[in-house]
Amino acid sequence: MDLKLKIWRQANQNSKGELKDYAIKNVSADSSFLEMMDQLNEELIDKGDDPVVFDHDCREGICGMCSLHINGEPHGPENATTTCQLHMRKFKDGDTIFIEPWRARAFPVIKDLSVDRGAFDRIIEAGGYVNVNTSGNTLDANAIPVPKADADEAFNAATCIGCGACVAACPNASAMLFVSAKVSQLALLPQGKVEAKDRVLHMVNQMDLEGFGNCSNVGACAEECPKEISLENIARMNREYLGASLTSTK
Amino acid sequence: MSLTGLFLISFLIVHLLGNLQLLDLSVEGQEKFNAYAKFMTTFPLIKIVSYLLYFSILFHAVDGIYLAMQNRKARPERYRSWKPNRNSIWASRNMGLLGTIILVFIVLHMSQFWYVMHWGEIGTDSQGNKNLAAVVIKTYQDGSAGMIMVLLYVLSMAAIAFHLWHGFASAFQTFGLNHKRYTPAIKKLGYAFSVIVPLLYAIIPVFILMAKN
Ligand code: HEM
Ligand code: SF4
Ligand code: FES
């Protein structure tokens with residue numbers, strides 16, 4: 001199929017970007033969206049033009065590295081699907097496709113479609129871990145009983161791949177869905193309970209410092225999340241945060 | 251936001267019950283309403299609650315507008331292609347706009363009735379109570395100006411309806427109340443509330459206008 005592409009080109013964080021038009025021919029309906037981008041870049045390189053920079057890694061929907069705001073939606077039109085798992089058969093011959101980077105103050109553009117999601121790493125560093133004893137007498141994880149329902153909930157939260165589509169979709173550019181998934185996966189388990197209060201306070205504090213917007217429960221994040229992380233996690237984080245702020249002794 | 255929002259919701263119920271008395275436009279009905287208005291402006295406990303209410307409106311509006319501005323700043327560069335209707339409802343994304351319309355209405359509404367009741371020129375009824383009912387009836391029956399007031403009132407109730415279509419259930423989520431069984435019920439209750447309560451409010455001035463002839 002033949003397509004018209006409108007792609008955001010931006011030299012670096014401080015320069016002004018703009019949409020540029022590209023025409024691409026003979027795209028296989030069986031190729032993935034990123035393979036279509038590869039095809040375009042090969043043509044650009046052949047012509048001596050600057051290829052379009054975009055993020056990707058595993059290309060099997062598990063690493064969270066790919067992004068792209070495609071035709072007005074993060075990860076494109078298909079639900080519960082990362083851009084690398086999106087196929088060109090979802091588009092029609094002759095379609096015009098808008099391709100933009102995630103847009104948020106907290107995610108500055110590095111170049112073209114690639115944004116710096118380091119804010120997420122700093123939120124994890126602020127408390128998204130457990131301090132386990134690894135000095136030779138480590139406890140077997142299975143020795144601690146966990147109710148099946150809790151284990152399932154924690155696992156669902158842990159499937160978040162940290163892609164940032166939630167921020168990209170949110171009209172407020174809020175990171176609540178990501179942060180609440182990372183708070184929940186630990187808060188639900190006995191191993192995470194010990195540091196639970198500090199964790200939620202520190203992670204939320206870091207989230208605000210990074211310049212994300214505030215959650216007003218719009219729900220666009222959960223609709224666009226490729227891993228279908230649910231709003232229940234945000235409610236859980238609100239509970240944890242309220243409880244921790246009222247009872248924390250620090 | 252959620253605490254003041256829920257408080258304002260509970261106020262909407264009490265205020266509605268008071269206002270519905272205006273559907274009885276007989277002399278006795280009007281005097282009953284005036285006696286009720288006197289009670290509401292003089293009873294000490296109600297006075298305390300009313301100060302809490304003024305504070306809640308101010309806090310809710312100031313904090314709401316501040317948050318809405320902060321949220322705009324969180325995305326300095328707009329998307330050129332943006333299809334939000336595929337992932338969220340319009341009301342949820344326009345709480346600031348809807349709230350501002352409501353705020354303008356509250357100012358107008360309070361200057362028309364609350365101010366007049368406290369400090370304005372107002373006659374008394376046969377019981378010696380300030381005749382607020384007459385002020386209300388005049389406001390909405392006063393020729394084309396009355397018609398415009400009724401229209402503004404109805405439009406503002408629509409804004410409240412949209413504000414609460416999202417806001418009602420949202421307030422519970424903010425408090426961390428999200429439950430597989432109760433949340434769907436809270437949502438249904440919210441939708442019902444956001445349609446029925448503003449509709450009942452809107453009926454009152456329309457009824458008064460129609461009762462003119
Ligand atoms: C009848 C009066 C009003 C009622 C009953 C009401 C109720 C509510 C409720 C229940 C919420 C949801 C709170 C939450 O999710 O935590 C809300 C949110 C909001 N309200 Fe109001 N409100 C009223 C008037 C106003 C006014 C006058 C303004 C501003 C000028 C306003 C601006 C907002 C904004 C911006 C939000 C979204 C805030 C956020 O969740 O971040 N509201 N309102
Ligand atoms: S919550 Fe979903 S959209 Fe947000 S970072 Fe995790 S996987 Fe991506
Ligand atoms: S490239 Fe790894 S999830 Fe898309």
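Protein chains in written order, with my numbering: chain A, 1 to 250; chain B, 251 to 463. C-beta atoms are modelled at their ideal positions from N, C-alpha and C, and glycine is treated no differently.
- Against A/Glu78, chain B offers no close residue; the least beta-carbon distance is about 11 angstroms (beta-carbon pairs closer than 8 angstroms).
- Under the 8 angstroms criterion on CB atoms, A/Ile24 is classed as non-interfacial with respect to chain B.
- Excluding residues up to 5 positions away in sequence, Val130 lie with their Cβ nearer than 6 angstroms to the Cβ of A/Gln191 in the same chain.
- Taking 8 angstroms as the CB threshold, B/Leu256 stays off the interface with chain A.
- From the listed residues B/Ala408, B/Asn381, B/Leu449, the smallest Cα separation to B/Met345 is found for B/Ala408.
- Taking the Cβ atoms as the reference, B/Leu439 lies roughly 20 angstroms from B/Leu270, outside the contact range of under 8 angstroms.
- Taken in chain order, the unbroken stretches of beta strand (DSSP E) that lie wholly in the region 10-79 of chain A and span 3 residues or more are 18-24.
- Under the 8 angstroms criterion on CB atoms, A/Glu228 is classed as non-interfacial with respect to chain B.
- Within the region 425-440 of chain B, the residues whose Cβ lies closer than 7 angstroms to any Cβ of chain A are, in chain order, Phe425, Gly426, Leu427, Asn428.
- It is roughly 47 angstroms from the alpha-carbon of B/Val354 to the alpha-carbon of A/Lys193.
- In the same chain as A/Val53, and ignoring 5 residues on each side of it, the C-beta atoms closer than 6 angstroms to its own belong to Lys111, Asp112, Ser114, in chain order.
- B/Asp392 is not a Cβ neighbour of B/Gln280, given a cutoff of 8 angstroms.
- At a cut-off of 8 angstroms, the C-beta of A/Asn137 has no neighbouring C-beta in chain B.
- Look at B/Asn428: its beta carbon is at least 7 angstroms from all of the heavy atoms in the ligand HEM.
- Taking 8 angstroms as the cut-off between beta carbons, none of the residues of the region 381-415 of chain B comes near chain A.
- Proximity of chain A to B/Met319 at the Cβ level (cut-off 7 angstroms) is not reached, the minimal Cβ distance being about 10 angstroms.
- Burial of A/His56 is indicated by the presence of at least 16 other C-beta atoms within 10 angstroms of its C-beta.
- Taking non-hydrogen atoms of the ligand HEM into account, the C-beta of B/Gly349 is found less than 7 angstroms away from one of them.
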